[in-house]
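Trainee: Take any residue in the sequence shown, count from 1 to its spot, add 20: that is its number in our numbering. C-beta: ideal position from N, C-alpha, C; glycine also. Pasting a structure here, questions to come.
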Amino acid sequence: MQSCFCQKNKPYPHCCQPFHLGLNDPITAKDLLYSRYAAYRCNHADYIKRTSSVLALENVDYQAILNSQDTWTGLKVLDEKAGKCLDSEGQIRFQAFYRPFGKKKEQGFEECSLFIREQGRWVYQEALDYLNL
Ligand SMILES: [Zn+2]
Numbered sequence: 021m022q023s024c025f026c027q028k029n030k031p032y033p034h035c036c037q038p039f040h041l042g043l044n045d046p047i048t049a050k051d052l053l054y055s056r057y058a059a060y061r062c063n064h065a066d067y068i069k070r071t072s073s074v075l076a077l078e079n080v081d082y083q084a085i086l087n088s089q090d091t092w093t094g095l096k097v098l099d100e101k102a103g104k105c106l107d108s109e110g111q112i113r114f115q116a117f118y119r120p121f122g123k124k125k126e127q128g129f130e131e132c133s134l135f136i137r138e139q140g141r142w143v144y145q146e147a148l149d150y151l152n153l
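Laid out in structure tokens, this is it:
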């Protein structure tokens with residue numbers, strides 16, 4: 021069975037697929053981060069939209085996600101604050117790596133993302149800081 025796009029080594033149907041199909045919502049901000057990373061990997065722009073806050077939606081380039089041919093190569097969670105099932109906010113610091121289409125060299129960035137709850141569901145709000153690696 022295909023292992024999940026989030027690279028957690030679980031089969032896709034038992035990992036992020038139920039989130040992507042809208043059957044289930046991630047319980048923690050970290051699960052949301054992984055499922056959004058997986059969505060970027062499989063060009064699932066609808067999911068990125070659906071899991072962006074009202075504020076973040078203004079910055080989602082739907083077509084760019086849909087058309088992207090970059091290859092996502094890794095996600096590393098470095099630190100997390102709150103974001104659990106009883107929290108209303110969470111922060112996660114992570115590094116993500118990708119190979120831009122047509123390029124050989126991998127690129128990466130480090131970001132501290134803020135996640136909030138909107139109508140009970142975790143959504144991405146904004147990057148509190150961002151650094152190209
Ligand atoms: Zn997954």
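1) Excluding the 5 residues flanking C62 on each side, which residues of the same chain have their C-beta closer than 7 Å to its C-beta?
2) Does DSSP classify L53 as helix, strand or coil?
3) As a quick exercise: from A58, L134, G42, pick the residue whose alpha carbon is nearest that of K30.
4) Would you say the beta carbon of S108 comes nearer than 8 Å to a heavy atom of ligand 1?
5) Identify the continuous beta strand (DSSP E) that holds I136 and give its terminal residues.
6) Measure from the alpha carbon of Q145 to the alpha carbon of each residue in N79, G122, N152, H64, then state which is nearest.
7) Bridge partners of K69, per DSSP?
8) Any idea what DSSP makes of Q154, helix, strand or coil?
9) Skipping 5 residues on each side, what residues in its chain have a beta carbon closer than 7 Å to that of K28?
10) Which residues neighbour ligand 1 when neighbourhood means a C-beta less than 7 Å away from any of its non-hydrogen atoms? List them by chain order.
Mentor: To lay it out plainly:
1) F25
2) helix
3) A58
4) no
5) 127-138
6) N79
7) BP columns for K69 are empty, so no partner.
8) Outside the displayed span of the chain (21 to 153) sits residue 154, for which this structure offers no information.
9) C35, Y54
10) C24, F25, C26, K28, K30, Y32, C35, C36, Y54, S55, A58
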